[in-house]
Structure formats: C-alpha cells, structure tokens
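Peer 1:
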Amino acid sequence: MAGEPTEPRSGLTYRDAGVDIDAGNLLVERIKPLVKATRRPGADADIGGFGGVFDPRAAGFKDPVLVAANDGVGTKLRVAIEAGIHDTVGIDLVAMSVNDLVVQGAEPLFFLDYFATGRLSVDTATAVVAGIAEGCRIAGCALIGGETAEMPGMYADGDYDLAGFAVGAAERGTLLPRRDVGPGDVLLGLAASGVHSNGYSLVRRIVEREGLSYTDPAPFAPETSLGAALLTPTRIYVKPLLAALKATDGIKALAHITGGGFVDNVPRVLPAGVSVRMDLSAVPVLPVFKWLAAAGGVPAAEMVRTFNCGIGMVVVVEASTADAAIAALTEAGEAVVRLGTLEADAEGPRTLFSGELAL
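Per the UniProt record's numbering, residue 1 is the first one in the sequence shown, and the count goes up by one each step.
#1: Looking only at its chain, what residues have a beta carbon closer than 6 Å to the beta carbon of residue 361, apart from the 5 residues adjacent to it on each side?
#2: Roughly how far, in whole angstroms, is the beta-carbon of residue 146 from the beta-carbon of residue 51, given that I think they are within contact range, below 8 Å?
#3: For residue 334, count the other beta carbons within 10 Å of its own beta carbon; 16 or more makes it buried, fewer makes it exposed. Which is it?
#4: For residue 88, count the other beta carbons within 10 Å of its own beta carbon; 16 or more makes it buried, fewer makes it exposed. Which is it?
#5: Is the stretch 286-303 touching the stretch 167-185 in the sense that three or more CB pairs, one from each, lie closer than 8 Å?
#6: Starting from residue 120, follow its DSSP beta bridges and name the residues at the other end.
#7: Measure the alpha-carbon distance for residue 154 versus residue 273 and round it to whole angstroms.
#8: Between residue 184 and the rest of its own chain, which residues show a CB-CB distance below 6 Å, the 5 nearest in sequence each way excluded?
#9: Enumerate in chain order the residues of its own chain whose CB-to-CB distance from residue 186 is below 6 Å, with the five nearest sequence positions on each side excluded.
#10: How many whole angstroms separate the CB atoms of residue 102 and residue 241, which I take to be in contact at a CB cut-off of 8 Å?
#11: Which residue's Cα is closest to the Cα of residue 296: 30, 208, 73, 17?
#12: How is residue 228 classed by DSSP in three states: helix, strand or coil?
#13: Could you tell me the distance, in whole angstroms, from the CA atom of residue 284 to the CA atom of residue 152?
#14: Let me know if residue 211 comes out buried or exposed under the rule of 16 or more other beta-carbons within 10 Å of its beta-carbon.
#15: Could you tell me the boundaries of the beta strand (DSSP E) in which residue 70 lies?
#16: Looking only at C-alpha atoms, which of 251, 353, 54, 264 sits nearest to residue 280?
#17: Could you check what DSSP says for residue 145 in three-state terms: helix, strand or coil?
#18: Please identify the residue among 118, 107, 69, 79 whose C-alpha is closest to the C-alpha of residue 17.
#19: Can you find at least 3 beta carbon pairs, one from the stretch 223-234 and one from the stretch 323-333, that sit closer than 8 Å?
#20: I'd like to know whether the C-beta atoms of residue 254 and residue 315 end up nearer to each other than 8 Å.
#21: Can you tell me the Cα-Cα spacing of residue 92 and residue 344, whole angstroms?
#22: I need the DSSP call for residue 93, collapsed to helix, strand or coil.
#23: In angstroms with no decimal places, state the Cα-to-Cα distance between residue 27 and residue 168.
#24: Am I right that residue 286 and residue 218 are in contact with their C-beta atoms under 8 Å? What's the rounded C-beta distance?
#25: State yes or no: is the C-beta of residue 94 within less than 8 Å of the C-beta of residue 136?
#26: Curious, which full-length alpha helix (DSSP H) runs of at least 4 residues does the stretch 173-221 contain?
#27: Going by DSSP in three states, residue 277 sits in which element: helix, strand or coil?
#28: Of the residues 78, 22, 21, 106, which one's Cα is nearest the Cα of residue 63?
#29: Quick check on this structure: which residue in 355, 44, 82 has the alpha carbon closest to the alpha carbon of residue 110?
#30: Between which two residues does the alpha helix (DSSP H) holding residue 247 run?
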C-alpha cells in the first residue's frame, strides 16, 4: 500500500556483475612459474607489477634498434574453443609476432599478452598462458607481463580472445631487407607445420559444409582428431633464422607467409622493378591443404593467396651463397626447398608463378 516502507535493496558486488577478482588473482599465482621459465638475460623481474622491464644492454646489445610487432590468432580460436583444446593457441599467438620480428633481422626480446573473456575460467586461461610461455621459450624471448580482462556481456560463455605484443632488437645497420635485393637472387622456402594461423574462416566453412565435428578423425590425418590436427601450432622460425644469419652473410630478406599467402607477402620485401618467379611445383604441399582444396573446391589461385600451402617462411639469398644458406638452415633443423629466383620486372614487385601446386 502507498506509504508503507519498502524493503531495502540488497547491495551488489563486482562478482554479482560477473567479474571475479579472486579468480584473476588465482590465475596470476598459477601462471607465475610458467612466466618464470621464460626468463632470459635482460628480463629478471617477476610479473605482478604495473609494467614489464627489459634491459637491452644485459641482453648483449651495444647500439640496438628496437622492432615491435603485435598480432592475434584470428578465428583459429573458434576451433580451439569448440574442440576444447586450449594449450596450443598460445604458441600461435607468440609465433605470429616473433616471426614478424625475425624477418626484419631482429631478435625477439620480450612478449606481453592480452586475454579477454566474458567469464574467467582459471583452468582455460592457465592452459592458454602455458602455450604462450612455451612459444616464448621456443622463440627465446621473455614473457614479462600481460593483461587479463573479464568482460561479461562482451563475450559469449566460454569464448575468449587473444592479442600479443613482441619487441625485439637488432644492432644498428643490420635490419632486413637489405638494399641490395635484386635480380638473380634465389628464393628458398622453409616448411610449415600446417595451416598456421591464417585462413581459418575458410577452413571452418569447409568443415561445416562437410558436416564434420572437431572430434571426428581428421580426413587428412585419421590418427588424430580434426580439431587437434587443425590446431597444430604455427612454427616459430626465430632460432634457426638467427643462427643462419650469423652463419652466412648471404641472406638479404625474409618474408613470413601469413594472410595473403605468397601473392601478397613476398613482394613486401622486394624493391620496385623486381619480382619473384616462383615454381609452385616445388612447394611441398601438406595433406591438410590437399584436403581443403578438394573438400572446398578451392582453386589453386585462391589457395596461394589464402594459405601457406606448406611453406611458412621464405628466404631471399644471394645466388653465390645459396648453398651455404641451405646448409646453415638445414643444420639449424629446417627443411629447405628452392622455390625460384628474382627477376627484373617493370611492373614489380609482384609474385609470378610457374608450375602447379600438387593438390
């Protein structure tokens, strides 16, 4: 009735609104040993401060030029979420940034991550960060910080997103590509581990059209599930490339084959008036790409612009040092193929193709 006292509303908390500060603190405690395992000269502080600190001089640099890169994992995350496999996408996150650093001749020094979700699952986030730490270990860089954002209403239950930020350094005057890239240089290719982290919107569309579940056996690798096969992490080429750069002075340029494939990425390291003539028959096409092309009816021209097709990194070398570069890369554990040569082209830079993909 009018005039009667009303019961006071109960007070709301941040937890009532969907944000659990205690879960965030628990996550920090769980990942501390993972982060500690990535320490390297120049990075000695524990996580938990307001920023990460790195000392380039302690890392051995005398006159460093800093190089920075950032990236995400794209819709490969949707495969991870639907397959319930979270411990590899962190490797992808690191790979996408550190591979972009090393192509400029820089050594990755440190990495920071951003993990955003609607409701924080400590177990899922710990698995993701474990992958990030493993990626940093492979790349030789330190995980010096990050951010976890719990944002109810922004993400559906169980969804999350990732971003990564890497900083590297090179001694002044050693950055790639070199200015003497030109006609006659040789193009080498380094093997990919799988689809890496590009083209997953198309991959997922093909999986859906085929009526497959990520728990089904992979049509191209029936000994494992489709989800696990598609989540094979992006190769990190940092240590082999740094070793080859030290072992030979003939490496002039590097190109990370990501979105845009061979068509868009190789020309990025070529000067005006120079193009690459690439022999597609030399590409060691992986079974996953043969399946994607067949199941999706994807034309070869679309394959080379969407996927790496089996080559995740290309190396431009002086012809006279090609054998030495191949030897150095092979010694560092890389599977190397000759893909073509650079040639004068008034319409360049562009990628010109000969031969056919073995789809």
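For each residue, glycine too, the CB sits at the ideal point set by N, CA and C.
Peer 2: So, to answer that:
#1: Residue numbering for the chain in the displayed model covers 1 to 359; residue 361 lies beyond these limits and cannot be assessed.
#2: About 11 Å; that fails the 8 Å criterion.
#3: buried
#4: buried
#5: no
#6: Looking at the DSSP assignment, residue 120 forms no beta bridge with any residue, so it has no partner.
#7: 47 Å
#8: Only 319 meet the Cβ criterion.
#9: 317, 319, 322, 341
#10: Sure, about 5 Å apart at Cβ, within 8 Å.
#11: 208
#12: Note: residue 228 maps to helix in three-state DSSP.
#13: 45 Å
#14: exposed
#15: Unbroken beta strand (DSSP E) run through residue 70: 64-71.
#16: 353
#17: strand
#18: 118
#19: no
#20: A contact, by the Cβ cut-off of 8 Å.
#21: 36 Å
#22: helix
#23: 27 Å
#24: Their Cβ separation, rounded to whole angstroms, is 12 Å, which puts residue 286 and residue 218 out of contact at 8 Å.
#25: yes
#26: 200-209
#27: strand
#28: With distances taken between CA atoms, residue 63 lies nearest to 106 out of 78, 22, 21, 106.
#29: 44
#30: For residue 247, the enclosing alpha helix (DSSP H) has its first and last residue at 238-247.
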